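K.L.:
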Amino acid sequence: MSSARAQHADSNNAADKTNALAPPVVELVSRTRLFPEDHTSSGVRETPLSILDNFSVRFSLVHAAWYYDNPAGREGAFSPHTLLYSLRKTLNAYPQWAGQLQWIPYDPSRGQRIGRVCISYGSPADPGIEVILAHCTTPMSAHVADGQTRIKAGVWCADHFSTAQVLLPTNIALWDSPVCEGRPGVSVQLTTFACGGVSIALRIAHALADATSLFQFVNDWAAIHRAVLDGCTLPVPAPVFNPRLLDKACLEDKDGAEPDPNVIHPVRSLPVDTPGNASPTCSSMTSAPRGPGACTDLTARAPRMPWAEWKIVAPASAHYHICFTPTEIQEIWEAVSADTPARTRISRLDALLAFIWSLITRARSVPDADDSAPARMVVAIGVRARLVPRLPDAFLGSPILLSLISLPGAEVAASPGAGAAAIRNTVSQYTSEAIGAVLNMACQSNSQRFWRAFLGKRYTTVTSWVGLGGYKLDFGGGLPRYVDPVIPGIDGCIHVMEAGPSTGGVDSSARRGTGDRWYDEPVCLSLHLATEVMDRLLLDPQLRKYRDE
Numbered sequence: 000m001s002s003a004r005a006q007h008a009d010s011n012n013a014a015d016k017t018n019a020l021a022p023p024v025v026e027l028v029s030r031t032r033l034f035p036e037d038h039t040s041s042g043v044r045e046t047p048l049s050i051l052d053n054f055s056v057r058f059s060l061v062h063a064a065w066y067y068d069n070p071a072g073r074e075g076a077f078s079p080h081t082l083l084y085s086l087r088k089t090l091n092a093y094p095q096w097a098g099q100l101q102w103i104p105y106d107p108s109r110g111q112r113i114g115r116v117c118i119s120y121g122s123p124a125d126p127g128i129e130v131i132l133a134h135c136t137t138p139m140s141a142h143v144a145d146g147q148t149r150i151k152a153g154v155w156c157a158d159h160f161s162t163a164q165v166l167l168p169t170n171i172a173l174w175d176s177p178v179c180e181g182r183p184g185v186s187v188q189l190t191t192f193a194c195g196g197v198s199i200a201l202r203i204a205h206a207l208a209d210a211t212s213l214f215q216f217v218n219d220w221a222a223i224h225r226a227v228l229d230g231c232t233l234p235v236p237a238p239v240f241n242p243r244l245l246d247k248a249c250l251e252d253k254d255g256a257e258p259d260p261n262v263i264h265p266v267r268s269l270p271v272d273t274p275g276n277a278s279p280t281c282s283s284m285t286s287a288p289r290g291p292g293a294c295t296d297l298t299a300r301a302p303r304m305p306w307a308e309w310k311i312v313a314p315a316s317a318h319y320h321i322c323f324t325p326t327e328i329q330e331i332w333e334a335v336s337a338d339t340p341a342r343t344r345i346s347r348l349d350a351l352l353a354f355i356w357s358l359i360t361r362a363r364s365v366p367d368a369d370d371s372a373p374a375r376m377v378v379a380i381g382v383r384a385r386l387v388p389r390l391p392d393a394f395l396g397s398p399i400l401l402s403l404i405s406l407p408g409a410e411v412a413a414s415p416g417a418g419a420a421a422i423r424n425t426v427s428q429y430t431s432e433a434i435g436a437v438l439n440m441a442c443q444s445n446s447q448r449f450w451r452a453f454l455g456k457r458y459t460t461v462t463s464w465v466g467l468g469g470y471k472l473d474f475g476g477g478l479p480r481y482v483d484p485v486i487p488g489i490d491g492c493i494h495v496m497e498a499g500p501s502t503g504g505v506d507s508s509a510r511r512g513t514g515d516r517w518y519d520e521p522v523c524l525s526l527h528l529a530t531e532v533m534d535r536l537l538l539d540p541q542l543r544k545y546r547d548e
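Just so you know, we're using numbering that gives the first Met the number 0 here: the sequence shown kicks off at 0 and counts up by one.
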C-alpha cells in the first residue's frame, strides 16, 4: 500500500475501527421466489420494452444496498417476515417485475429486430422476484463506518468492504448470458447482522429499471412497510409502466424496413462513442446476442474499439469515497465558473465533475504521455424531463442515454474550467428532438452492439444519483448508516450522491438554503481508479484546496 493510501487507511481505523481486514462471513438462511397477490388473475400479458431499455440489456445491473443499524426502541422494524409482507404488497403495483424478461423472436417484417426484449407476466410459470435471506456473523460496525465518521474524515477507503462480500450469488435474466427462462429480473437480499442491524440489497436487470425506477420502488416499499408497522391504511403506489410512451418520441416509424438518412445523420453528429469491434479475449462480454434469427447485417459499422487502452486483466483498482462539504462545493463552483468561457453557465454538478476529471487526468499522466491525446468523460443522461411532452416522473424503465465529452488531456488537466464548459455544452445538445433522433438507432440490426461508451485509461464514466434521496429511505427504523450504489470496480468509474444522513453536525454553519438541494448537504464521490492513479490523486494538493480543516 502506498504512503497516501496507508495514511488514509490509518486515519479511518483511528477514527472508527470499521475496516476489518477479514471479509464478513455470510450464511444462507433461505432462497425463495415472491409474487404479487393474485398475480395470474388478469391473464398473461407480454409487453415489449422501449428502445432505450433494449440499449441497456448488456449494462451492469442496477444495484444498491442500504445498511441500517439495530433500531433503538423499534423492535421488529426489520423483521424479515414483515419486510416480505410489505414487499409483496408493493409488488401488487409492480407485477411485471415478477415476470419473465425474454428475447422477442427475430421478425424484421413486423419490426421485431434482433436483440429486442419484452417482459411477460401473469403466468403460473413466471419466475417471480428472488428473495434471499442471509445472516452475517459479525456486527455491521466491523465493516462500515458511520456517516459522520466518513464525512469528517473527508476520504474513506472502501477497499476493505464491499456489498459484493455480503451478497450471495444470483442469476438475473439476460445478465452476462443470453439465458432467460426461469431466471428472475429482480433479486432482493435481506441480511441480518450480529448486532441486530439489517442490509436491504436489490439487484435489477437494467432493461427493467434505471436508478430512478429503483428508488421509486424502494420508496414505495418503505412507505408501505412503515404503514404496516404503524397499523395505518396502506398507501397505493402509482408507477407508470408504458414503454410505448418513450418510443413515441421517435422522429420516424421505428418499425420501418430502412432507416431515414435525414434522421440518422443528426444522431451521428451527437457526441457519443460507438465503437463496434469486440475484443477476441472478451467475446462473451462484448458480443452481440445470437438469438433466433440472428443476422450479421450490421448497418454502418462503428469505429474500432480502443482495446489497447483498457487493461481488462490488470490488478483490481483502488476504491475510495471522497466527501465534499457544502462549502467546498460552493467554492469549487465559484472557482470553476470564473474559469469557464464567457456566458457559459454551469451547474454545481458540472463544476464538481470537471474538478475531479481534471485531478484524475493529471494523476493518469506520465512523463512520456501524449498531452494532445484526448481525455474522455462518459455521462449518463436521464431523458424523462428532456422530452416534449415529458415522461411522467413515475415512468418505469431505463430511459437513459450515454453521452461523451472529449477534450485534449493537457487541457483537462490544466484547469477544470474547460471541462465544465464542455460538459454543459454537450449535455445541452440532448434536446427532445435530438433524443427522438437517437431513438431511431432502433433501425440498427442490434441495439446492444452500440455501447455508446467505452472504458480504459483515457475514459472516466460518471453515474449521478444526486437528488434521489438515497439516505432519506426510512423503513420505520431510522435512516441508513450507509448506502452502497455497488458500482463496478473498474478503473475510471465514478458515482456521485449525497454522503450520508444529515445531523447538522458537519459544516452546518456553511449550509445554504433549506437543505432540499443536493449540494446543501455533504456529497460523496465514489472513485474506482488504478492503484497508482489513486495514489497520485490522493497526494494532489488541489484535492482539498477548498476544504476548511
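Backbone N, C-alpha and C define an ideal beta-carbon position, used for all residues, glycine too.
Quantities reported herein were computed from a predicted structural model and do not represent experimental measurements.
(1) L536: which of G469, Q95, T360, A353 sits nearest, CA to CA?
(2) Taking only beta-carbon atoms, is L27 less than 8 Å away from chain D?
(3) Give a yes or no on whether the C-beta atoms belonging to H142 and P325 are separated by under 8 Å.
(4) Please report the straight-line C-alpha distance between S343 and A334, rounded to a whole angstrom.
(5) Taking only the alpha-carbon atoms, compute the straight-line gap between A412 and A372 and give it to the nearest angstrom.
(6) For T462, collect the residues of the same chain with a Cβ closer than 6 Å to its Cβ; drop the 5 residues on either side in sequence, then sort them by chain order.
(7) In the DSSP assignment, find the beta strand (DSSP E) that holds R343 and state where it starts and stops.
(8) Based on the DSSP output, what are the partners of Q428 in its beta bridges?
(9) Using a 10 Å radius around the Cβ and a threshold of 16 neighbouring Cβ atoms, would you call S525 buried or exposed?
(10) Within this structure, are the beta carbons of I331 and L351 separated by less than 8 Å?
(11) With which residues is Y554 paired in a DSSP beta bridge?
(12) Please classify K544 as buried or exposed, where buried requires at least 16 neighbouring CB atoms within 10 angstroms.
(13) Between which residues of its own chain and T513 is the CB-CB distance below 6 Å, once the five residues before and five after are set aside?
(14) Whole angstroms are fine: how far does the CA of V426 sit from the CA of V154?
(15) Taking a contact to mean a Cβ-Cβ separation below 8 Å, would you say P415 touches F354 in this structure?
(16) Roughly how many angstroms lie between the CA atoms of L538 and A92, to the nearest whole one?
(17) Residues in its own chain within less than 7 Å of A210 by CB, not counting five upstream and five downstream?
(18) Can you confirm whether the stretch 44-52 touches the stretch 182-200 when touching is taken to mean that 3 or more C-beta pairs between the two stretches lie within less than 8 Å?
(19) Mark L27 as exposed unless 16 or more other C-beta atoms lie within 10 angstroms of its C-beta, in which case mark it buried.
(20) Any idea if T232 is buried or exposed, counting beta-carbon neighbours within 10 angstroms, 16 or more meaning buried?
(21) Compare the C-alpha of H527 against each of A222, V235, H318 and name the closest.
(22) What is the rounded straight-line gap between the Cα of A204 and the Cα of L189?
(23) When you compare each of A436, D125, A64 to V217 by their alpha carbons, which one comes out closest?
(24) What residue does the alpha helix (DSSP H) around D483 start on, and which one ends it?
(25) Check each candidate in V187, V437, P388, M376 and name the one with the smallest Cα separation from A420.
(26) At a cut of 8 Å, does the stretch 123-133 reach the stretch 90-104 through at least three beta carbon pairs?
(27) Would you check if there are 3 or more beta carbon pairs closer than 8 Å linking the stretch 393-406 to the stretch 228-246?
(28) DSSP three-state call for L132: helix, strand or coil?
(29) Straight-line CA distance for A509 to L132?
(30) With DSSP collapsed to three states, give me the class of L390.
(31) On the CB-based measure, 16 or more other CB atoms within 10 Å of its CB, does G230 come out buried or exposed?
(32) Determine the closest residue to S316 out of S40, S119, N69, I489, with distance taken between C-alpha atoms.
(33) Classify S357 as buried or exposed, calling it buried when 16 or more other Cβ atoms lie within 10 Å of its own Cβ.
(34) Candidates F34, E129, Q215, T137: which alpha carbon is nearest K471's?
(35) Quick one: give me the first and last residue of the beta strand (DSSP E) that Y470 is part of.
(36) Do three or more CB pairs link the stretch 474-486 to the stretch 64-77 at distances below 8 Å?
P.N.:
The short version:
(1) Along the sequence shown, read from residue 1 onward, the residue named residue 536 stands at position 537. Closest option to L536, Cα to Cα, is T360.
(2) The structure shown contains no chain D; it holds only a single protein chain.
(3) In the sequence shown, the residue the question calls residue 142 occupies position 143. In the sequence shown, the residue the question calls residue 325 occupies position 326. A distance of 8 Å or more separates the beta carbons of H142 and P325.
(4) The residue you call residue 343 lines up with position 344 of the sequence shown. The residue you call residue 334 lines up with position 335 of the sequence shown. In the sequence on display, residue 343 carries Thr and not Ser. Going from the Cα of T343 to the Cα of A334 covers about 13 Å.
(5) Along the sequence shown, one-based indexing puts residue 412 at 413. Along the sequence shown, one-based indexing puts residue 372 at 373. A412 and A372: Cα-Cα distance of roughly 12 Å.
(6) What you label residue 462 is simply residue 463 of the sequence shown in a count that begins at 1. Closer than 6 Å at the Cβ level, and outside the excluded window around T462, lie A379, H494.
(7) Here the question's residue 343 lines up with position 344 in the sequence shown. With the sequence shown as reference, residue 343 is identified as Thr, and Arg is not the correct amino acid for it. Taken as a continuous stretch (DSSP letters only), T343 belongs to no beta strand (DSSP E), as it is neither H nor E.
(8) Position 429 of the sequence shown, counting from 1, holds the residue named residue 428. Q428 is not bridged by DSSP to any residue.
(9) If you number the sequence shown from 1, residue 525 lands on position 526. Buried is the call here.
(10) One-based indexing of the sequence shown puts residue 331 at position 332. One-based indexing of the sequence shown puts residue 351 at position 352. A contact, by the Cβ cut-off of 8 Å.
(11) Nothing in the structure corresponds to residue 554, since the chain is present only between 0 and 548.
(12) For the purposes of this step, residue 544 is taken as the residue at position 545 of the sequence shown. Answer is exposed; the Cβ neighbour count stays below 16.
(13) In the sequence shown, counting from the first residue as 1, residue 513 sits at position 514. Residue placement at T513 cannot be trusted, given a pLDDT of 43 that sits under 50; the coordinates are not used to answer.
(14) Position 155 of the sequence shown, counted from the first residue, corresponds to residue 154. Position 427 of the sequence shown, counted from the first residue, corresponds to residue 426. Those two C-alpha atoms are separated by around 29 Å.
(15) Counting from one through the sequence shown, the residue named residue 415 turns up at place 416. Counting from one through the sequence shown, the residue named residue 354 turns up at place 355. Going by C-beta atoms, P415 is nearer than 8 Å to F354.
(16) As a first step, residue 538 is located in the sequence shown; it is residue number 539 there, counting from the start. As a first step, residue 92 is located in the sequence shown; it is residue number 93 there, counting from the start. Computed Cα separation, rounded: 50 Å.
(17) Looking up residue 210 in the sequence shown gives position 211. Answer for A210: V61, W464, L467, listed in chain order.
(18) no
(19) Here the question's residue 27 lines up with position 28 in the sequence shown. Answer is exposed; the Cβ neighbour count stays below 16.
(20) If you number the sequence shown from 1, residue 232 lands on position 233. The residue is exposed, with fewer than 16 neighbouring Cβ atoms inside 10 Å.
(21) For the purposes of this step, residue 527 is taken as residue 528 along the sequence shown, with counting starting at 1. Answer by Cα proximity: H318.
(22) In the sequence shown, residue 204 corresponds to position 205, counting from 1. In the sequence shown, residue 189 corresponds to position 190, counting from 1. So the two alpha carbons sit approximately 18 Å from each other.
(23) Taking the first residue of the sequence shown as position 1, residue 217 is located at position 218. That would be A64, whose Cα lies nearest to the Cα of V217.
(24) The sequence position of residue 483 within the sequence shown is 484, counting from 1. Not the alpha helix (DSSP H): D483 falls in the beta strand (DSSP E), residues 481-483.
(25) As a working note, residue 420 is residue 421 in the sequence shown. Nearest C-alpha to A420: M376.
(26) yes
(27) yes
(28) As a first step, residue 132 must be located in the sequence shown, where it is residue number 133. Three-state result, L132: strand.
(29) For the purposes of this step, residue 509 is identified with residue 510 of the sequence shown, where counting begins at 1. For the purposes of this step, residue 132 is identified with residue 133 of the sequence shown, where counting begins at 1. Below a pLDDT of 50, predicted positions are generally treated as unreliable, and A509, at 36, falls in that range; the measurement from the model is reported next regardless. The straight-line gap from Cα to Cα measures roughly 42 Å.
(30) Counted from its first residue, the sequence shown places residue 390 at position 391. Three-state result, L390: coil.
(31) Taking the first residue of the sequence shown as 1, we reach residue 230 at position 231. G230 comes out exposed.
(32) Here residue 316 refers to the residue found at position 317 of the sequence shown. Nearest C-alpha to S316: I489.
(33) For the purposes of this step, residue 357 is taken as the residue at position 358 of the sequence shown. In the assembly as shown, S357 is a buried residue. Its beta-carbon has 16 or more other beta-carbons within 10 Å.
(34) As a working note, residue 471 is residue 472 in the sequence shown. Checked all of F34, E129, Q215, T137; the closest Cα to K471 is Q215.
(35) Position 471 of the sequence shown, counted from the start, is the residue given in the question as residue 470. Element bounds for Y470: n/a, residue is neither H nor E.
(36) yes
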